[in-house]
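Chemist: If you read the sequence shown in my numbering, its first letter stands for residue 3, the second for the next number, and so on. C-beta: ideal position from N, C-alpha, C; glycine also. Just so it is clear, the structure is predicted and the values come from calculations on it, not from any experiment. Please read through the structure below; I'll follow up with questions.
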Amino acid sequence: MIKHHISDKLLMAYCAGTLPEAFNLVVATHISLCDECRARMEGFDAVGGAVLDQRVSPVAMSSDALSATFRKIKAKTAPDGPGYSAAGQAPHTPSAMRDTVLPGPLLAYTGGGLDHVQWRSIGGGVRQAILPTSRHASARLLHIPAGTAVPDHGHRGLELTLVLQGAFVDESDRFARGDIEIADEEMEHTPIAEMGADCICLAATDAPLKFRALLPRLAQPFFRI
Ligand code: ZN
Ligand code: ZN
């Protein structure tokens, strides 16, 4: 049961094609797990320009520009595309590439299931694998052992965290598979993986995090976190 969804703002930016690739990947992966957000997105698609005019009025966008955008999104869902779909169809992933933890849109970035992921330790038992996206924002898989905390940090930009396995809790709530946490400059948190199962997340950020402790701060440039 997914409790934390994509905001309207993010979903519309995704439909309009204005998000950096790393954020597109998180949104597409959530949508592949979440019927509710997929239906909302199809609603945007169906009502098209009318919805955008009403809900994001400050953004001037002609309905011509909008239909051009939707054509672009549809083109991206071609079988050779990066594997994510903005039009609500199942991602075009070769049937040989399936994984119970990593949803279809991610497999194009990892080159295979969980056992293909090249993990690197970033200290404290936490491991990461940076995914190949454009540099406007970065995307990574994080593997946090059950019961382990990610160091206390704030954010300089936007951070999207999507849980793929296990669960974590922080000051705001509990997040399990399919849940997405949207953190911004105003938020500081210490995510802790729940006991019982290691937590695997997909996280995307468009600016370096702000760590309070010295050690993570020193390590940041090496881990591009
Ligand atoms: Zn959702
Ligand atoms: Zn964070």
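Assuming residue 166 and residue 104 make a contact with CB atoms under 8 Å, what is their CB distance in whole Å?
Modeler: Sure, about 7 Å apart at Cβ, within 8 Å.
Chemist: Just to confirm, does residue 1 get its C-beta within under 6 Å of one of the non-hydrogen atoms of ligand 1?
Modeler: Coverage of the chain is limited to positions 3 through 227, which leaves residue 1 absent and any answer about it impossible.
Chemist: For a test of the three-state rule: what should DSSP assign to residue 136, helix, strand or coil?
Modeler: Here residue 136 sits in coil by DSSP.
Chemist: With the cut-off set at 7 Å, would you say residue 214 and residue 172 are in Cβ contact?
Modeler: No, Cβ-Cβ distance for residue 214 and residue 172 is not below 7 Å.
Chemist: Just to confirm, does residue 41 get its C-beta within under 6 Å of one of the non-hydrogen atoms of ligand 2?
Modeler: The answer is no for residue 41.
Chemist: Please state the DSSP three-state secondary structure of residue 11.
Modeler: Correct three-state label for residue 11: helix.
Chemist: What is the rounded straight-line gap between the Cα of residue 170 and the Cα of residue 101?
Modeler: Going by the C-alpha atoms only, they are around 21 Å apart.
Chemist: How would you label residue 211, buried or exposed, when you count the other beta carbons within 10 angstroms and need 16 or more for buried?
Modeler: Flag for residue 211 reads buried.
Chemist: Give the DSSP bridge partners of residue 191, in chain order.
Modeler: Residue 191 pairs with 155.
Chemist: On a CA-only basis, which of 197, 111, 14 is nearest residue 143? Give me that one, please.
Modeler: Looking at the Cα atoms, 111 is the closest of the given residues.
Chemist: Looking at C-alpha atoms only, which residue of 227, 5, 14 is the closest neighbour of residue 129?
Modeler: When only C-alpha atoms are compared, the closest one is 227.
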